[in-house]
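**Student:** My structure is below; once you've seen it, I'll send some questions.
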Amino acid sequence: MNEARTRSMLALLATEPAPTSSVDVDEAIATALRQRRRGRWLTAAAAAAVVLILTLGLVTLLRPDPPRPAPPLAPAPAYFDPLRPRLRVDWLPDGFTEQLRNAAVTAEFVDGGSADGKQGFEVYVLPRKGGFPAWGDLIGQGVAGPDVDGRPGRWWPVASPGGRKTALAGAGVLRWEWAEGAYAQVRVQGVDDPQGVAARIARSVRLDRPTPFAMPMTISHPAGMRALRTAGVDTRRTTGSQPDRGQSAVVEFGKVFGERPSVLVSLGTANARLRPNTTLDGVPAREEVLADTVLWQIPLGTGQELGVQCSSAADTPAAKAANRAECRRVTASARPVGTLSDPSTWSTAPVS
13 MNEARTRSML ALLATEPAPT SSVDVDEAIA TALRQRRRGR WLTAAAAAAV VLILTLGLVT
73 LLRPDPPRPA PPLAPAPAYF DPLRPRLRVD WLPDGFTEQL RNAAVTAEFV DGGSADGKQG
133 FEVYVLPRKG GFPAWGDLIG QGVAGPDVDG RPGRWWPVAS PGGRKTALAG AGVLRWEWAE
193 GAYAQVRVQG VDDPQGVAAR IARSVRLDRP TPFAMPMTIS HPAGMRALRT AGVDTRRTTG
253 SQPDRGQSAV VEFGKVFGER PSVLVSLGTA NARLRPNTTL DGVPAREEVL ADTVLWQIPL
313 GTGQELGVQC SSAADTPAAK AANRAECRRV TASARPVGTL SDPSTWSTAP VS
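Taking the numbering used here, the leading residue of the sequence shown gets 13, the next gets one more, and so forth.
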């Protein structure tokens, strides 16, 4: 190769302008830079997304479940059935026992407390058409109290004895709506934390399982009446040093509560001082007739005594005679069942 010629050609190429091109180098560089910046942004965004997902997942895992709304209120019965009471209390403070149970068409309640009587409780439940008695010892209009199963509670201080409006320490009333249009309340006294104790008792109240009323006897249903009230006292328990000699079981019949005619049947511990003045089916008994009321007392030979009190529908001689005859019939129909001291042996269908 001619070296001089080669040098001349290289010099010529160096001085000639570059050939035209369809590629804009500056734009290509700018595009590359934009793509690089975009790549970096996408990488950062992807990393941030991963962090966000992990953070949200961790927050979801660590965040406590929101409180569940209370279930809707069930419809309330217009009235209760005293022969199928429904009130059950699943928790009481240590040392507390139930003492009296009462079930009426317009209310059910249970009360009790400590053996020495210094501490006590009462649970009072209404159907839709019931009403609380006019207790005169509640102070003011009440304030917001502990909730009961998600339902707002209202709290009333209780006045000290003597009618003064000074709040009694360790006492109060908690009230709440247990079913649509129906209310319940818990009253406590003599406890260290009245609102806390009342709330815990209230939350243990169960009203969804009516159970048959049990009684240590069976008796015929009085003609033309319905059961308006049942009650029970555990005669095995004591109050202080004296044994509880209250009635072990009560059934009250009538047409309208508190009005005549009515029949009150009670069964409890036999009274050793009973003075018979007649016999009933060969058994010594006592009958008393007082104006429009007839009272029978008869020992059943099992340590139990039956009492039947009947009030006539009117003050006429005919109504009084009919009342006396019906009272005798109902009393004569009584039959002991089981053992007075063992409620598990009592009849769950005491009225026939």
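Ideal placement from N, C-alpha and C gives every residue a C-beta, glycine not left out.
Curious, which full-length alpha helix (DSSP H) runs of at least 4 residues does the stretch 173-251 contain?
**Tutor:** List check, alpha helix (DSSP H) in window: 206-215.
**Student:** So what's Thr357 in DSSP terms, helix, strand or just coil?
**Tutor:** Helix, per DSSP.
**Student:** Indicate whether Gly10 and Lys130 have their beta-carbon atoms separated by less than 7 Å.
**Tutor:** The question about residue 10 has no answer here: the residues shown for the chain are numbered 13 through 364.
**Student:** Skipping 5 residues on each side, what residues in its chain have a beta carbon closer than 6 Å to that of Thr242?
**Tutor:** So the list reads Pro94, Ala115, Phe225 and Val263, once near-sequence residues are dropped.
**Student:** Ignore the nearest five residues each way along the sequence and tell me which others in Leu112's own chain have a CB closer than 6 Å to its CB.
**Tutor:** Only Asp123 and Val245 meet the Cβ criterion.
**Student:** How is the beta strand (DSSP E) around Asn114 delimited, first residue to last?
**Tutor:** Where Asn114 is concerned, the enclosing beta strand (DSSP E) stretches over Thr109 to Ala116.
**Student:** May I ask which residues mark the beginning and end of the alpha helix (DSSP H) holding Glu338?
**Tutor:** Counting along the chain, the alpha helix (DSSP H) containing Glu338 begins and ends at Pro329 to Ala344.
**Student:** Counting Cβ pairs, one atom from each stretch, are 3 or more of them under 8 Å apart for the stretch 157-173 and the stretch 230-240?
**Tutor:** Result no; under three Cβ-Cβ pairs closer than 8 Å.
**Student:** Do you know offhand how far Arg187's Cα is from Arg140's?
**Tutor:** Taking the straight line from one Cα to the other gives about 15 Å.
**Student:** When you compare the CB positions of Ser278 and Gly319, do they come within less than 7 Å of one another, or not?
**Tutor:** Closer than 7 Å, so yes.
**Student:** Closest by CA to Asp204, which one among Gly132, Val217 and Asp128?
**Tutor:** Per the Cα distances, Gly132.
**Student:** Helix, strand or coil, according to DSSP, for Gly142 in the structure here?
**Tutor:** It is coil, neither helix nor strand.
**Student:** Pick out whichever of Thr230, Val155 and Val101 has its Cα sitting closest to the Cα of Ala361.
**Tutor:** Comparing Cα-Cα distances from Ala361 to each of Thr230, Val155 and Val101, the minimum goes to Thr230.
**Student:** What does a CB cutoff of less than 6 Å around Val200 pick up in its chain, not counting 5 residues either side in sequence?
**Tutor:** Phe133, Pro206, Val209 and Ala210, listed in sequence order.
**Student:** I need the straight-line Cα distance from Arg96 to Val137, nearest angstrom please.
**Tutor:** Those two C-alpha atoms are separated by around 14 Å.
**Student:** Below 6 Å, is the gap between the Cβ of Thr360 and the nearest heavy atom of the ligand MG?
**Tutor:** You won't find the ligand MG in this model; it holds no ligand whatsoever.
**Student:** DSSP on Trp103, reduced to helix/strand/coil?
**Tutor:** Coil.
**Student:** Let me check understanding here. Comparing Cα to Cα, which of Val342, Arg287 and Arg221 lies closest to Val275?
**Tutor:** Considering only alpha carbons, the answer is Val342.
**Student:** Less than 7 Å separating the beta-carbons of Val135 and Asp149?
**Tutor:** It is not a contact, given that the beta carbons lie outside the stated cut-off.
**Student:** For Tyr136, which beta-bridge partners are listed by DSSP?
**Tutor:** DSSP output for Tyr136 lists Phe121 and Gln197 as bridge partner(s).
**Student:** Going by Cα to Cα distance, which pick from Gly236, Thr305 and Pro288 is closest to Arg298?
**Tutor:** Out of Gly236, Thr305 and Pro288, Pro288 has the C-alpha closest to the C-alpha of Arg298.
**Student:** Mind checking which residues open and close the beta strand (DSSP E) that includes Gln316?
**Tutor:** That run of the beta strand (DSSP E) goes Gln316 to Ser323.
**Student:** Quick one: residues in its chain with C-beta nearer than 8 Å to the C-beta of Ser172, no 5 flanking neighbours on either side, listed in chain order?
**Tutor:** Only Thr178, Ala179 and Leu180 meet the Cβ criterion.
**Student:** What three-state label does DSSP hand Trp167 in the structure shown?
**Tutor:** Three-state DSSP puts Trp167 in a strand.
**Student:** Have a look at Gly107, Val117 and Gly142 and flag the residue whose alpha-carbon is nearest the alpha-carbon of Ala127.
**Tutor:** Residue Gly107 is the option with its Cα nearest to Ala127.
**Student:** Tell me which same chain residues have a C-beta within less than 6 Å of the C-beta of Ala9, skipping the five on either side of it?
**Tutor:** A question about residue 9 goes unanswered here, because the residues of the chain that appear run from 13 up to 364.
**Student:** Determine whether the beta carbon atoms of Ala191 and Ala119 lie at a separation below 7 Å.
**Tutor:** Not in contact: Ala191 and Ala119 (Cβ atoms no closer than 7 Å).
**Student:** Report all residues from its chain with a CB closer than 6 Å to the CB of Thr290; omit the five preceding and five following residues, and keep chain order.
**Tutor:** Within the same chain, Thr290 has close Cβ partners Ala297 and Glu299.
**Student:** So, Leu292 versus Ala337, is the Cβ gap smaller than 7 Å?
**Tutor:** Going by C-beta atoms, Leu292 is not nearer than 7 Å to Ala337.
**Student:** What separation, rounded to the nearest whole angstrom, lies between the Cα atoms of Val168 and Val185?
**Tutor:** Looking at the sequence itself, residue 168 is Trp, so the reference to Val does not match. The straight-line gap from Cα to Cα measures roughly 5 Å.
**Student:** Tell me which residues share the same chain as Leu219 and place their Cβ nearer than 7 Å to its Cβ, disregarding the 5 neighbours each side in the sequence.
**Tutor:** Around Leu219: Arg98, Leu99, Val137 and Trp190.
**Student:** CA-CA distance, Asn335 and Trp147?
**Tutor:** Those two C-alpha atoms are separated by around 35 Å.
**Student:** Quick check on the DSSP output: the beta strand (DSSP E) that includes Glu299 runs from which residue to which?
**Tutor:** Counting along the chain, the beta strand (DSSP E) containing Glu299 begins and ends at Val295 to Leu302.
**Student:** Since Val117 and Phe92 should fall inside the 8 Å C-beta cutoff, what is the C-beta to C-beta distance between them, to a whole number of angstroms?
**Tutor:** Sure, about 6 Å apart at Cβ, within 8 Å.
**Student:** Just to confirm, is the Cβ distance from Pro273 to Ala330 under 7 Å?
**Tutor:** No, these two residues do not count as a Cβ contact at 7 Å.
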